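Enquirer: If you count the sequence shown from 1, position 161 lands on 161 in full-length UniProt numbering, and the numbers rise without skipping. Okay, handing you the structure first.
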Amino acid sequence: MPKARSKKFKKRSFHGNRHRNSVPKNNVSTASATKLNTLESADGLEYDFQELKGNRIIDIQTLLGVFSILSCPKCFATGLKLTEDSKEGLCSNFAIVCKCGFMAGFTSTPKENKKCSLNTLLVFGLRLMSRGFSAGMKLLCTLNLPYVCKKTFRIHELKMLEAVKYSCEENMKAASKEVQNLKKTTTCGVSVDGTWQRRGHMSLNGCVSVISIDTGKILDLEVMTQYCKMCEMNI
1 MPKARSKKFK KRSFHGNRHR NSVPKNNVST ASATKLNTLE SADGLEYDFQ ELKGNRIIDI
61 QTLLGVFSIL SCPKCFATGL KLTEDSKEGL CSNFAIVCKC GFMAGFTSTP KENKKCSLNT
121 LLVFGLRLMS RGFSAGMKLL CTLNLPYVCK KTFRIHELKM LEAVKYSCEE NMKAASKEVQ
181 NLKKTTTCGV SVDGTWQRRG HMSLNGCVSV ISIDTGKILD LEVMTQYCKM CEMNI
């Protein structure tokens with residue numbers, strides 16, 4: 001029977017593994033030293049903050065409190081005041097005022113062609129949900145937000161109507177050219193379909209569309225209605 005081996009092997013030193021290829025330089029001996037070392041390294045970390053975009057709803061009192069603790073860039077004193085010069089629906093024109101005479105103005109939302117785009121987006125969103133001025137006013141009053149007057153609401157509606165008409169005509173022209181290039185002729189097969197604004201046969205508004213059989217795109221569209229407010233008012 002062979003004798004048991006009495007030779008002792010030396011403990012191998014660390015040369016890396018599949019998770020780490022190098023030995024850490026800061027070798028500490030105690031748990032307390034490890035914690036302190038971790039805290040010191042955390043102080044020098046650089047945080048990656050994501051860029052903020054979009055719109056936010058913020059309480060005006062919170063905003064006033066934030067500006068009151070900021071220092072004036074002119075006299076370096078705290079106690080800046082935030083005032084509202086004017087407002088256009090959801091867009092407000094603010095001004096930061098200091099006792100030393102410093103003043104700086106800004107708007108709550110960016111403007112395009114001197115107009116607030118947020119008001120247009122409000123009207124556009126309501127029309128997408130088949131809602132109008134009354135529904136929008138209820139929503140804004142519930143959220144304690146400034147509302148758009150009825151005249152301004154109607155102006156935005158008319159502007160969007162012009163944009164929708166232009167986009168619709170351009171798309172139908174492009175669809176017609178596509179069929180013409182495909183068939184090499186102005187004669188093509190179409191299907192005619194109709195729809196209503198609301199379900200059932202009591203809807204006052206509807207439309208008829210001409211759809212290409214080859215491409216499935218709309219070539220022509222006609223809106224029809226059984227009631228006209230202008231005719232009712234003899235305008």
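For each residue, glycine too, the CB sits at the ideal point set by N, CA and C. Small disclaimer: the values here were computed from a predicted structure and weren't measured.
Once DSSP output is grouped into helix, strand and coil, what is the label at MET233?
Expert: DSSP places MET233 in coil when its eight states are reduced to three.
Enquirer: Which residue wins for smallest C-alpha separation from TRP196, given the options SER117, VAL223 and VAL164?
Expert: VAL223
Enquirer: Could you check whether ILE218 and VAL210 sit closer than 8 angstroms to each other, using their CB atoms as the reference points?
Expert: yes
Enquirer: Which residues share a DSSP beta bridge with ILE96?
Expert: LEU82 and ALA104
Enquirer: Suppose the cutoff is 7 angstroms on Cβ atoms and the five residues either side in sequence are ignored; what does the same chain contact list for ASP193 look like?
Expert: SER209 and ILE211
Enquirer: Where does the unbroken alpha helix (DSSP H) through GLY65 begin, and where does it stop?
Expert: 60 to 68
Enquirer: To the nearest angstrom, how far is the alpha carbon of PHE106 from that of ALA95?
Expert: Those two C-alpha atoms are separated by around 6 angstroms.
Enquirer: Rounded to whole angstroms, what's the CA-CA distance from GLU168 to LEU158? Just pull it up for me.
Expert: Note that residue 168 is Cys in the sequence shown, not Glu. Cα to Cα, CYS168 sits roughly 15 angstroms from LEU158.
Enquirer: What are the partner residues of ILE211, as DSSP defines its beta bridges?
Expert: SER191 and ILE218
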